[in-house]
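Engineer: Sequential numbering of the sequence shown, starting at 180, is according to our numbering. By construction, the Cβ of each residue, glycine as well, lies at the ideal position given by its N, Cα and C atoms. In this text the structure is predicted, and so the values were computed from the model without any measurement.
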Amino acid sequence: MTKQSPNAGQFYATAPYKDAFDIEYPQENLEGQMYVYRCKSCKRLTTEINGRLENHASDCAYRLSRANHGA
Ligand SMILES: [Zn+2]
Numbered sequence: 180m181t182k183q184s185p186n187a188g189q190f191y192a193t194a195p196y197k198d199a200f201d202i203e204y205p206q207e208n209l210e211g212q213m214y215v216y217r218c219k220s221c222k223r224l225t226t227e228i229n230g231r232l233e234n235h236a237s238d239c240a241y242r243l244s245r246a247n248h249g250a
């Protein structure tokens with residue numbers, strides 16, 4: 180197996196990263212803590228959310244808006 184599959188590059192294009200890791204929610208920096216961020220809507224830390232939509236609060240405005248898209 181030395182020859183690369185012609186579809187090798189497609190894996191990255193179609194990988195479900197965008198669904199698995201949801202990091203496009205509005206974030207805000209914690210005051211006085213340079214490297215700590217949290218969701219602007221539910222105030223959970225990004226380290227708690229860890230890129231997972233279900234880790235936002237169940238009433239988080241961002242989570243609700245994403246859930247409406249069938250996630
Ligand atoms: Zn949130």
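The alpha helix (DSSP H) with Tyr204 in it runs from where to where?
Structural biologist: Within the sequence shown, residue 204 is the residue found at index 25, counting from 1. Note, Tyr204: premise wrong, no alpha helix (DSSP H); not H, not E.
Engineer: Is the beta carbon of Tyr214 less than 7 Å from the beta carbon of Thr225?
Structural biologist: Position 35 of the sequence shown, counted from the first residue, corresponds to residue 214. Position 46 of the sequence shown, counted from the first residue, corresponds to residue 225. Not a contact, by the Cβ cut-off of 7 Å.
Engineer: When DSSP builds the beta bridges, which residues end up paired with Leu243?
Structural biologist: Looking up residue 243 in the sequence shown gives position 64. Looking at the DSSP assignment, Leu243 forms no beta bridge with any residue, so it has no partner.
Engineer: According to the neighbour-count rule (16 or more other Cβ atoms, all chains shown, within 10 Å of its Cβ), is Asp238 buried or exposed?
Structural biologist: As a working note, residue 238 is residue 59 in the sequence shown. Exposed is the label assigned to Asp238, since fewer than 16 other Cβ atoms lie within 10 Å of its Cβ.
Engineer: Does the beta carbon of Ser220 fall short of 6 Å from some heavy atom of ligand 1?
Structural biologist: Along the sequence shown, one-based indexing puts residue 220 at 41. Yes, ligand 1 has a heavy atom inside 6 Å of this Cβ.
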